[in-house]
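Taking it in order: structure first as structure tokens, then the write-up.
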Amino acid sequence: MSDAATPNPSDSSSLQLGPPKARPGPRGGPKNWVTMGLVLPGLLFFLVMFVWPIAQMLSHAVYSPEVQIALPRTVAAMADWDVTTPPSDAIADALILDLKNADRGDLASAARRLNYEQSGFRAALLKTAREVRRSDGAKGYQALLDADKDWADLARWRVLRSAGSAYTSYYLLTALDLEKRPDGSIGRVPGDRALFVTVILRTLWLSLVVTVICLFLAFPVSYTIASAKPGRQALLMLLILLPFWISLLVRSSAWVILLQDNGLVNTALLKLGIITEPVQLIFNRTGVYIGLVHVLLPFMVLPITNAMRAVPKDYVRAAFSMGASAPRALFQVYLPQIWPGVAAGSLLTFVICVGYYVTPLLIGGNQDQMLSYFIAFYTNQSVNWGLASALSAVLCAIMLLLMGLYALVPRRGGTTAGR
Amino acid sequence: MTSNIHVQFAGVSKSYDGRTLIVDDLNLEIEKGEFLTLLGPSGSGKSTCLMMLAGFEPLSGGDILVDQVSVGYLEPQKRNIGMVFQSYALFPHMSVADNIAFPLKARGRPKAEIREKVAGALGMIQMDHMKDRMPGQLSGGQQQRVALARALVFEPSLVLMDEPLGALDKQLREEMQYEIMHIQKRLGVTVVYVTHDQTEALTMSDRIAVFNGGRIQQLARPEVLYQNPQNAFVASFIGENNSVPGTVLSLKGSECRVRVGTDEIMAHPVGDIAESKPVALSLRPERVVLGSRAQAADNRFDAVVTEVIFHGDHQRVVLDVLGQSGFVVKVPNSAGFEPPEVGKAVSVGWTIKDCHALAPIGGSTA
Ligand SMILES: Nc1ncnc2c1ncn2[C@@H]1O[C@H](COP(=O)(O)OP(=O)(O)O)[C@@H](O)[C@H]1O
Ligand SMILES: [Mg+2]
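So the protein sequences, as listed, match chains A and B. Here the first sequence is numbered in our numbering, starting from 127 and rising by one per residue. Here the second sequence is numbered in our numbering, starting from 12 and rising by one per residue.
What follows is the structure in structure tokens.
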């Protein structure tokens with residue numbers, strides 16, 4: 127093909143192949159220490175303000191030493207109890223001694239912990255403590271039975287024994303609607319007590335729907351912004367960010383005003399004759415979708431807009447000039463370019479949505495509460511930190527899994543040719 | 012002869028904002044197999060013309076005909092025009108071979124044909140061994156070649172190139188100029204080429220349309236453009252040029268008398284020149300002679316040398332003359348010629364036909 131007059135391109139082009147060689151070897155010496163010194167404050171802050179509290183919180187999911195703290199002698203004495211015969215007087219004496227000496231606060235914590243696993247335990251334990259303190263000198267198994275006859279139930283002793291360990295799988299299992307059977311096997315809890323798996327699935331499903339809706343809404347918005355003139359772009363961006371300046375509570379409450387039965391939307395629809403009676407738009411799933419999409423849309427719009435802005439106009443023009451149809455130009459040229467932005471936006475939206483709390487609380491119904499609601503409930507209202515932590519751990523695990531999947535997504539696009 | 016016209020701009024105008032005309036009543040006929048260059052300073056509307064021809068920008072007025080058929084409202088996909096962008100616009104997520112195959116796949120050609128044509132195109136740009144590379148792994152020159160192959164592989168009869176060599180360094184740019192010329196001549200395609208580099212335009216083109224302010228200042232073959240610029244803009248934009256402002260005293264056939272300060276110069280009038288109107292005298296530095304050689308010239312003046320620069324095959328002598336400074340003369344390094352010394356007086360001269368009296372920039376445009 128090459129005729130004599132054509133200059134040989136491989137000569138000149140080989141001169142500028144590839145980027146310059148990377149600098150050899152890592153550098154040691156004092157410069158490293160300076161770098162370390164600069165990085166250290168940030169790192170410390172990160173460890174102290176983020177890693178440590180989260181680790182602390184999550185540790186409650188498995189670390190539960192309340193019983194060991196309040197009843198140390200009992201726990202020690204029960205170590206070699208055979209589980210099937212009634213406990214010896216030595217064990218009973220240890221319990222009586224513990225109940226007499228235990229700090230009130232510690233005993234209350236232990237009683238609450240034991241009550242999670244067997245309802246009624248709390249009352250029984252506190253009552254027994256009162257009895258043994260009053261009748262000074264009471265001793266042996268019989269003394270316990272005198273205080274509360276249910277000490278004859280071996281199941282109660284088994285609960286006490288298993289709760290005596292500082293580490294427990296109880297909370298994590300509960301968070302997944304599982305339980306440890308008396309024979310040591312793990313199985314599902316009966317249907318009427320199952321709760322969290324449904325909530326987890328509901329949370330994931332809701333987040334998925336919200337993410338997909340956001341994705342479809344964000345596309346035209348992002349495209350409009352990305353293809354607007356620079357001055358207009360800044361203004362549109364400002365509008366997208368505007369909601370962040372308004373309190374989330376205000377925004378969520380505003381939806382109540384708009385969407386309630388005699389709210390703006392229903393009134394308008396009634397007046398226009400589109401509906402004959404008010405549609406329930408709030409305190410149900412519809413309301414949650416509306417509210418969450420509204421709150422989370424910017425997190426989808428921003429990364430996609432950025433990705434779109436980075437795509438030179440020339441790509442699509444080149445595709446058209448080569449005869450590509452609009453769908454071909456879209457799917458084979460444009461979308462691959464903005465793919466990283468779409469992936470980032472979807473992940474961001476999904477992850478934030480999974481952990482969302484306020485909006486569903488304000489404008490959702492009972493059947494629309496997400497996992498975070500239960501975490502908040504167990505933290506603030508029932509003060510069951512173990513379960514709150516376990517649910518948080520489940521949430522974290524889901525997030526990490528998603529992040530892992532995202533990391534596996536092939537990075538397409540990348541550096542552009544030429545300029 | 013009309014059948015030989017490939018592309019015709021007929022009274023095309025374009026405004027982006029509805030107020031300022033970026034392209035103003037453009038009339039231009041491009042012949043089949045011609046290499047036509049739109050040359051002009053940045054912002055003069057060259058790319059806009061190309062984008063209208065490619066179908067990416069709507070016309071504000073007039074019409075564009077390709078093969079005598081209006082394409083004013085035809086979608087870009089349907090125009091069958093090859094296009095090379097300054098940014099190359101290679102798809103970064105596709106390999107070299109996939110990039111080149113793209114226009115063929117878009118046309119739904121059979122697999123075997125695509126394979127064969129892609130191989131042929133790779134051969135043409137001598138890059139068979141790099142077909143699996145990604146564009147990001149190629150040098151600028153290689154990317155340029157791939158962009159060229161991609162624009163030609165579907166055998167369009169018309170190819171548009173918008174400053175395709177602008178991002179390359181000088182040496183590579185010159186090589187690519189020749190390569191593009193050879194490929195164009197071999198394939199016989201019509202090329203509309205945009206550049207702001209006059210050397211590039213002079214080297215490559217069959218004809219050049221010099222653009223300024225959205226209007227064609229002159230449309231001619233390169234040598235005509237260089238020797239006979241139609242106005243002061245073309246004279247100053249193409250090649251090096253001494254421009255001396257003056258006023259026409261009298262006009263007679265192919266000669267005119269022009270007053271410059273207190274001096275009078277005989278010149279060759281071009282275009283719209285009238286008595287007692289201002290003109291710009293245009294003189295190519297290589298057409299001016301110095302010293303004893305100036306004795307026989309039609310116009311002869313005394314000058315003072317302010318600078319002499321050695322350029323290998325010639326010397327660049329800068330003079331104060333006719334009350335002006337910075338008058339440039341190129342003196343070839345021919346045998347027996349002594350270059351003048353700085354600070355010395357010297358006489359300069361030129362013939363009437365080398366001194367063009369042109370309409371000044373900003374005056375009446377061509
Ligand atoms: N899409 C656009 N919108 C508004 N103005 C534009 C647009 N494209 C180009 N222009 C303006 O049109 C003029 C000519 O631009 P262009 O055709 O790109 O010139 P050239 O290619 O000769 O440098 C410039 O002043 C530029 O600012
Ligand atoms: Mg341009």
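Quick reminder that beta carbons are idealized off the backbone N, C-alpha and C, glycines included.
Listed by chain order, chain A residues near R184(B) by CB distance under 8 Å: Looking up residue 184(B) in the second sequence gives position 173. Under the 8 Å cutoff, chain A gives no residues; its nearest Cβ is about 10 Å from R184(B).
Looking at C-beta atoms only, is the number of pairs between the region 319-328 of chain A and the region 388-401 of chain A that lie closer than 8 Å three or more? Taking one beta carbon from each stretch, the region 319-328 of chain A and the region 388-401 of chain A have fewer than 3 pairs nearer than 8 Å; the two do not touch.
Contact list for Q88(B) against chain A, beta-carbon separation under 7 Å: By 1-based counting over the second sequence, the position of residue 88(B) is 77. Simply F446, G449, A450 and S451.
Could you please give me the residues that DSSP links to C267(B) through a beta bridge? Looking up residue 267(B) in the second sequence gives position 256. According to DSSP, which records beta bridges pairwise, C267(B) is partnered with L262(B) and A278(B).
Any idea if R239(A) is buried or exposed, counting beta-carbon neighbours within 10 angstroms, 16 or more meaning buried? Within the first sequence, the letter at position 113 stands for residue 239(A). R239(A) counts as buried, since at least 16 other C-beta atoms from the protein chains shown sit within 10 angstroms of its C-beta.
According to DSSP, is V255(B) helix, strand or coil? For the purposes of this step, residue 255(B) is taken as the residue at position 244 of the second sequence. It is a strand residue.
Let me know the secondary structure DSSP gives L49(B) once reduced to three states. Within the second sequence, numbered from 1, the residue matching residue 49(B) stands at position 38. It is a strand residue.
Roughly how many angstroms lie between the CA atoms of H1(B) and V300(B), to the nearest whole one? This structure leaves residue 1(B) out entirely; chain B is present only between 12 and 377.
Taking CB distances under 8 Å as the criterion, tell me whether A160(B) reaches chain A. Working through the second sequence from its first residue, we reach residue 160(B) at position 149. Under the 8 Å criterion on CB atoms, A160(B) is classed as non-interfacial with respect to chain A.
Give a yes or no on whether the C-beta atoms belonging to P87(B) and F67(B) are separated by under 8 Å. Sequence index remark: in the second sequence, residue 87(B) carries index 76 (1-based). Sequence index remark: in the second sequence, residue 67(B) carries index 56 (1-based). The answer is yes: Cβ separation under 8 Å.
Out of A212(B), I41(B), S55(B) and V271(B), point me to the one whose CA is closest to D35(B)'s CA. For the purposes of this step, residue 35(B) is taken as the residue at position 24 of the second sequence. It is S55(B).
If you compare alpha carbons, which of G323(B), P256(B) and A314(B) is closest to V329(B)? Here residue 329(B) refers to the residue found at position 318 of the second sequence. V329(B) has its Cα closest to that of A314(B), out of G323(B), P256(B) and A314(B).
C-alpha distance - D139(B) paired with I111(B), whole-angstrom precision: By 1-based counting over the second sequence, the position of residue 139(B) is 128. By 1-based counting over the second sequence, the position of residue 111(B) is 100. In a straight line, the C-alpha of D139(B) is about 12 Å away from that of I111(B).
Anything in chain A within Cβ reach of A117(B), meaning under 8 Å, just list it in chain order. As a first step, residue 117(B) must be located in the second sequence, where it is residue number 106. Residues of chain A with a Cβ closer than 8 Å to the Cβ of A117(B) are, in chain order, A445, M448, G449, A450, S451 and R454.
N167(B) vs I75(B) beta-carbon contact at 8 Å: To locate residue 167(B), count along the second sequence from 1; it is residue 156. To locate residue 75(B), count along the second sequence from 1; it is residue 64. Residue identity check: residue 167(B) is Pro in the sequence provided, not Asn. In terms of Cβ geometry, P167(B) and I75(B) do not form a close pair [threshold 8 Å].
At least one CB of chain B closer than 8 Å to the CB of V382(A): is that the case? As a position in the first sequence, residue 382(A) is number 256, starting the count at 1. For V382(A), the closest Cβ of chain B is not nearer than 8 Å.
Determine the burial state of A130(A): buried for a count of at least 16 other Cβ atoms within 10 Å of its Cβ, exposed for fewer. By 1-based counting over the first sequence, the position of residue 130(A) is 4. Any answer about A130(A) is weak, because its pLDDT of 41 lies below 50 and its placement is not dependable; what the coordinates show is given next. Taking all protein chains in view, the Cβ of A130(A) is surrounded by fewer than 16 other Cβ atoms within 10 Å, so the residue is classified as exposed.
Start and end residues, beta strand (DSSP E) containing Y204(B): Translated into the one-based positions of the second sequence, residue 204(B) becomes position 193. First-last of the beta strand (DSSP E) with Y204(B): T201 to T206.
With DSSP collapsed to three states, give me the class of G512(A). To locate residue 512(A), count along the first sequence from 1; it is residue 386. Helix.
Could you check whether the Cβ of P351(B) sits closer than 8 Å to any Cβ belonging to chain A? Counting from one through the second sequence, the residue named residue 351(B) turns up at place 340. Among the CB atoms of chain A, none fall inside 8 Å of the CB of P351(B).
Mind pulling the chain A residues with CB within less than 7 Å of M94(B)? As a first step, residue 94(B) must be located in the second sequence, where it is residue number 83. For M94(B), the C-beta contacts it makes with chain A under 7 Å involve A444 and S447, in order along the chain.
Looking at the unbroken alpha helix (DSSP H) that takes in H104(B), where does it start and where does it end? Here residue 104(B) refers to the residue found at position 93 of the second sequence. Unbroken run through H104(B): none, as it is neither H nor E.
Within the 8 Å Cβ cut-off, does A108(B) reach chain A? The sequence position of residue 108(B) within the second sequence is 97, counting from 1. With 8 Å as the cut-off, A108(B) does not count as an interface residue toward chain A.
Assess contact between the region 157-164 of chain A and the region 497-510 of chain A, defined as three or more Cβ pairs (one per stretch) separated by less than 8 Å. Is contact present? Flag = no, the region 157-164 of chain A and the region 497-510 of chain A do not touch.
By Cβ distance below 7 Å, which residues in the same chain neighbour A216(A) in space, the five residues on each side in sequence not counted? Within the first sequence, residue 216(A) is the residue found at index 90, counting from 1. Cβ within range, chain order: A203.
For the region 60-76 of chain B, which residues have a beta carbon sitting closer than 7 Å to at least one beta carbon of chain A? Those residues of the region 60-76 of chain B that come within reach of chain A (Cβ to Cβ, closer than 7 Å) are A65 and F67.
Kindly indicate which three-state DSSP category I75(B) falls into: helix, strand or coil? Counting from 1 along the second sequence, the entry for residue 75(B) is found at position 64. Strand.
With a threshold of 16 other CB atoms inside 10 Å of the CB of G467(A), please say whether the residue is buried or exposed. By 1-based counting over the first sequence, the position of residue 467(A) is 341. Buried, because 16 or more other Cβ atoms sit within 10 Å of the Cβ of G467(A).
Since Q229(B) is in the beta strand (DSSP E), which residue starts that stretch and which ends it? Against the second sequence, residue 229(B) aligns to sequence position 218. Run containing Q229(B): R226 to A231, per the beta strand (DSSP E) assignment.
For G151(A), which residues in the same chain have their Cβ closer than 7 Å to its Cβ, ignoring the five residues on either side in sequence? Locating residue 151(A) in the first sequence gives position 25, counting from the first residue. Because the pLDDT of G151(A) is 47, which lies under 50, any placement of that residue in the model is unreliable, and the number read from its coordinates should be weighed accordingly. Nothing listed; no residue qualifies.
Quick one: give me the first and last residue of the alpha helix (DSSP H) that G151(B) is part of. Taking the second sequence and counting its residues from 1, the one referred to as residue 151(B) is at position 140. Bounds of the alpha helix (DSSP H) holding G151(B) are G151 to L163.
Euclidean distance between Cα positions of S138(A) and D309(B): Taking the first sequence and counting its residues from 1, the one referred to as residue 138(A) is at position 12. Taking the second sequence and counting its residues from 1, the one referred to as residue 309(B) is at position 298. The pLDDT assigned to S138(A) is 39, lower than 50, so where the model puts this residue is not dependable, and the model offers no usable value.
What does DSSP give as the partner residues of G313(A) in its beta bridges? Here residue 313(A) refers to the residue found at position 187 of the first sequence. Answer is E305(A), bridged to G313(A).
V340(B): first and last residue of the uninterrupted beta strand (DSSP E) it sits in: Taking the second sequence and counting its residues from 1, the one referred to as residue 340(B) is at position 329. For V340(B), the enclosing beta strand (DSSP E) covers residues Q335 to P343.
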